[in-house]
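Participant: Residue numbers (our numbering): 4 to 290. The beta carbon of each residue, even a glycine, is placed where N, CA and C say it ideally should be. All values reported here derive from a predicted model rather than from experimental measurement. Before I ask anything, here is the structure I am working with.
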C-alpha cells in the first residue's frame with residue numbers, strides 16, 4: 004500500500020477542538036508511515052462564518068501538534084492571496100455546468116423547516132423531484148437525483164474493499180446552494196481531484212458524505228476519485244457522549260494550550276477516549 008498525498012481540510016467556522024486534533028494527528032501518522040505528503044486545504048467559501056482568528060487558529064493548532072505542511076498555505080496572507088477556495092470558483096462553476104448537462108440535477112426551494120415538517124428526522128426525500136422547478140429560478144438549491152444510484156465501492160483503510168448504498172440522510176444531496184455558491188460535496192470532490200489526493204482521513208460522522216461524494220464523482224466521470232482510500236475514524240466525544248462542536252468551543256485546542264497542556268497531554272486525552280478495538284488499529288501510529 005502506498006499513498007502520495009493526503010489532506011487536512013478544516014473549516015474556519017470556530018476554534019479547533021480535540022476531535023480535530025485526533026483527525027490531524029492520525030492523518031500525519033499514516034502519511035509518515037506510507038511516505039505521503041500533507042496538503043492543507045482550508046474550506047473557506049462559507050463567508051458568513053469565516054473569521055480570520057479561526058484561520059489563524061488552524062495554523063497555531065498545526066504548530067502546537069507539530070504537524071508540518073508540505074503543500075498549501077502557511078499563513079492567513081497566503082490563504083487569501085493564493086490558496087482560498089475563492090480562487091477555484093471557475094473550476095466549481097464549470098463542474099456545476101457539467102452536472103447540468105447530465106440532467107442529474109434538479110432545483111429545490113424547500114427550507115429546513117419545511118423539510119423537518121415533512122420528515123421528523125430532517126431527511127430530504129426528493130419532494131421537489133417532480134415539480135420541475137427551473138434551475139435558474141432564484142433562491143433554489145441544486146440537488147442530485149439519487150433514486151437510481153447504484154451500489155458504491157471504495158477502499159476503506161485498513162480493511163480493504165467496501166460496498167454500500169447512499170443512506171437516506173444524504174440522498175438527493177446538494178451541489179449548489181440557494182446563494183448560487185457550490186456546496187461542500189462538490190468543492191471537496193473538485194479539490195481532491197485537482198490536487199491529486201489519494202488518501203482521505205475523516206470522522207465516521209462523514210461516512211455518508213463519502214458515499215455522496217463518490218456518487219457525485221461517478222456522475223462527473225472522475226474515476227480517479229474512486230481510487231482514493233478512505234479512513235473513517237471514531238469520534239472524540241464530549242460530556243454525555245455529545246459530538247464535539249467548533250461553534251460551541253468544545254474542548255478547544257486553544258483552551259488546552261492556554262492551560263499549559265503539551266502535545267503529549269493532548270495525545271493522552273485522545274488515548275483515553277479511543278476504543279480498544281480502534282486503538283489496536285492505531286497502535287504504533289499516534290501513540
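What is the C-beta distance between residue 42 and residue 198, in whole angstroms, given that I count them as a contact (C-beta under 8 Å)?
Facilitator: 6 Å
Participant: Buried or exposed for residue 136, please, with buried defined as at least 16 other CB atoms from any protein chain shown within 10 angstroms of its CB.
Facilitator: exposed
Participant: Pull up the distance between the alpha-carbon of residue 73 and that of residue 38, whole angstroms please.
Facilitator: The straight-line gap from Cα to Cα measures roughly 12 Å.
Participant: Considering Cα atoms alone, identify which of 19, 11, 229, 122 is closest to residue 76.
Facilitator: Relative to the Cα of residue 76, the nearest Cα in the group 19, 11, 229, 122 belongs to 11.
Participant: Considering just the uninterrupted stretch of the alpha helix (DSSP H) at residue 27, what are its terminal residues?
Facilitator: 21-37
Participant: When we look at the beta-carbon of residue 22 and count the other beta-carbons within 10 Å, is it buried (16 or more) or exposed?
Facilitator: buried
Participant: Ordered along the chain, which non-local residues of its own chain (more than five positions away) have a Cβ less than 8 Å from that of residue 213?
Facilitator: 157, 203, 205, 233, 235
Participant: Cα-Cα, which of 62, 112, 219, 17 is closest to residue 147?
Facilitator: 219
Participant: Going along the chain, which residues of its own chain have a beta-carbon closer than 8 Å to the beta-carbon of residue 58, five neighbours each way excluded?
Facilitator: Only 15, 45, 47, 79, 82 meet the Cβ criterion.
Participant: Express the C-alpha separation of residue 209 and residue 88 in angstroms, rounding to a whole number.
Facilitator: 21 Å
Participant: Are the beta-carbon atoms of residue 35 and residue 8 separated by less than 8 Å?
Facilitator: no
Participant: Using 10 angstroms around the beta-carbon of residue 189, count the other beta-carbons present and answer buried if the total reaches 16, otherwise exposed.
Facilitator: buried
Participant: Between the Cα of residue 264 and the Cα atoms of 64, 4, 55, which residue gives the shortest distance?
Facilitator: 64
Participant: Given this structure, state the Cα-to-Cα distance separating residue 152 from residue 262, to the nearest angstrom.
Facilitator: Answer to the nearest angstrom: the Cα atoms are 49 Å apart.
Participant: Is the distance from the Cβ of residue 154 to the Cβ of residue 131 below 8 Å?
Facilitator: no
Participant: Can you grab the Cα-Cα spacing for the pair residue 169 / residue 229, in whole Å?
Facilitator: 15 Å
Participant: Considering residue 98, what are the terminal residues of the alpha helix (DSSP H) in which it resides?
Facilitator: 92-105
Participant: Reducing DSSP to helix, strand and coil, say where residue 159 ends up.
Facilitator: strand
Participant: Can residue 127 and residue 185 be called in contact, C-beta distance under 8 Å?
Facilitator: No.
Participant: If you draw a straight line from the C-alpha of residue 276 to the C-alpha of residue 182, how long is it?
Facilitator: 39 Å
Participant: Could you tell me which of 53, 141, 99 sits nearest to residue 113, measuring between CA atoms?
Facilitator: 141
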